[in-house]
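In my numbering, the protein residues as written are 21 to 90. Yeah, the Cβ is synthetic: ideal placement off N, Cα and C, and Gly gets one too. The structure appears right after this line, and notes come after that.
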Amino acid sequence: MVELAPAAPAVLSDDGILWFSYPRRSPNLETDIDSNRGWETLLNAGWTAISEISIDETWSAIRFVLNPDT
Numbered sequence: 021m022v023e024l025a026p027a028a029p030a031v032l033s034d035d036g037i038l039w040f041s042y043p044r045r046s047p048n049l050e051t052d053i054d055s056n057r058g059w060e061t062l063l064n065a066g067w068t069a070i071s072e073i074s075i076d077e078t079w080s081a082i083r084f085v086l087n088p089d090t
C-alpha cells in the first residue's frame, strides 16, 4: 500500500478508479487491513473510498477515487 498509493495517479486516467481487495477478519486469518483500518496511506495521498463490495465469503474490496483537488 505504501508503495502503490503514490504511484497510482500516474498509471490511471483522470477519471480512473482504484480497487483494493482485502481479506475479511476471521479467527483463521490475521490481517492489518480491514474495512475500517489500514487505508491511511491512500487517504493521505488524496484518495476517497466511495464504495465497498463483497467478493466472496473471504474477500471484500473497496473502491477509491482520487480527489479532484489532489
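**OP:** To the nearest angstrom, report how far apart residue 78 and residue 53 are at their CA atoms.
**Re:** Within the sequence shown, the letter at position 58 stands for residue 78. Within the sequence shown, the letter at position 33 stands for residue 53. Between the alpha carbons of residue 78 and residue 53 lies a distance of about 13 Å.
Original post:
Leaving out the 5 sequence neighbours to the left and right, which residues in its chain are closer than 8 Å to residue 71 when beta-carbon positions are compared?
Top reply: Looking up residue 71 in the sequence shown gives position 51. Same-chain partners within the cutoff: 82, 83.
Original post:
So, residue 68 versus residue 87, is the Cβ gap smaller than 7 Å?
Top reply: Taking the first residue of the sequence shown as position 1, residue 68 is located at position 48. Taking the first residue of the sequence shown as position 1, residue 87 is located at position 67. Result yes, Cβ atoms of residue 68 and residue 87 sit closer than 7 Å.
Original post:
Is it right to say residue 30 is buried, meaning 16 or more other beta carbons lie within 10 angstroms of its own, or is it exposed?
Top reply: The residue given as residue 30 occupies position 10 in the sequence shown. Exposed, since its Cβ has fewer than 16 Cβ neighbours within 10 Å.
Original post:
Assuming residue 80 contacts residue 42 under a Cβ cut-off of 8 Å, what Cβ separation, rounded to an integer in Å, is found between them?
Top reply: Numbered from 1 along the sequence shown, position 60 holds the residue referred to as residue 80. Numbered from 1 along the sequence shown, position 22 holds the residue referred to as residue 42. Rounded, the Cβ-Cβ distance is 6 Å, consistent with contact.
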